[in-house]
Amino acid sequence: MASASPIRVLVADDHPLIREGLAAVFSSNDNFVLVAEAGDGRQAIDLYQLHRPDIVLMDLQMPVMSGVEAITAILALHPEARIVALTTYGGDAQVARALRLGAVSYLLKNTVRTELFSCLTTVHAGGRPLSAEVAVKLAARPACDALSAREVEVLRLVAKGNSNRRASLLLGVTEDTIKGHMKSILSKLAANDRTHAVMIAINRGIFGV
2 MASASPIRVL
12 VADDHPLIRE
22 GLAAVFSSND
32 NFVLVAEAGD
42 GRQAIDLYQL
52 HRPDIVLMDL
62 QMPVMSGVEA
72 ITAILALHPE
82 ARIVALTTYG
92 GDAQVARALR
102 LGAVSYLLKN
112 TVRTELFSCL
122 TTVHAGGRPL
132 SAEVAVKLAA
142 RPACDALSAR
152 EVEVLRLVAK
162 GNSNRRASLL
172 LGVTEDTIKG
182 HMKSILSKLA
192 ANDRTHAVMI
202 AINRGIFGV
């Protein structure tokens, strides 16, 4: 039976097909109503201000302003906002980042309809649900493996094919400093070599959005 007051949802995603699909999903359930659709983070902020939805489904990768930036901006203006991060990628670093910024939950775009409804209903009631897949990724993440911002920067350069020497010139540091960063990166990620470290970073979303 439909609730007396449907849960009002704002969807922010730069792919029209995703927005259309979610609109169709919400139209099939009287407990939810889609109040607005945003194609980028800037629009998401403006539409949140206009409609004050109960929940925002926020894609992390969008033009103009990313979902990450939009989450931060909306919560700065409205700390009570309930935002669920939405993405195609389940890397645990992205999960952790979205939650650290204030997202109350995290859904993959391949989430089945019943799980979507269940998650949003729980979020509306004040909960912070995580899918089993996401929870497993977070639980399996070693507590001491977080790379520093500079280490991520170094590894990103390595991923682009730069040698230690080239990376040192680009960052304005010595080659020994880069070697030191790489030693720390390999240790933290339990990687066998540079290539392995890059693959781990890609698989886990460490390079961010």
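For reference, each letter of the sequence shown is one residue, going 2 to 210 in the working numbering. Quick reminder that beta carbons are idealized off the backbone N, C-alpha and C, glycines included.
Contact belief for residue i with residue j at Cβ below 8 angstroms, rounded distance in angstroms
i    : j    : result
V69  : L102 : 7 angstroms
D213 : L87  : Outside the displayed range of the chain (2 to 210) lies residue 213, so it cannot be described from this structure.
V85  : S106 : 5 angstroms
V10  : R20  : Not a contact, Cβ separation roughly 11 angstroms.
A104 : I75  : That pair is no contact at about 10 angstroms.
D14  : P64  : About 11 angstroms; that fails the 8 angstroms criterion.
L121 : I201 : With 8 angstroms as the limit, L121 and I201 do not qualify as a contact, their Cβ atoms being about 32 angstroms apart.
L109 : T123 : Rounded, the Cβ-Cβ distance is 16 angstroms, inconsistent with contact.
A147 : V155 : Actually they are not in contact, since the Cβ atoms of A147 and V155 sit about 15 angstroms apart, beyond 8 angstroms.
L117 : V26  : 7 angstroms
Identity of the residues DSSP links to residue i by a beta bridge
i    : result
E38  : V12
A86  : M59, Y107
L131 : Y107
F33  : I8
Option in the options with minimal Cα separation from residue i
i    : options               : result
H52  : L23, V159, L35        : L35
V153 : K189, C120, R167      : K189
V199 : L100, A25, L158, V10  : L158
L18  : S169, F33, A39        : A39
A37  : T115, P54, S29        : P54
A45  : A82, T115, G22        : A82
I207 : A99, F118, D31        : A99
T196 : N32, G162, D47        : G162
L23  : T112, L187, L131      : T112
R205 : D41, Y49, A97, L171   : A97
I186 : R151, L172, L171, S28 : R151
Between the segment 117-132 and the segment 178-192, are three or more C-beta pairs nearer than 8 angstroms? The segment 117-132, when compared against the segment 178-192, does not touch it at the 8 angstroms Cβ threshold.
Residue ranges of each alpha helix (DSSP H) within the segment 149-202, 4 or longer: Within the segment 149-202, complete alpha helix (DSSP H) segments of at least 4 residues are found at 150-160, 165-172, 176-190, given in chain order.
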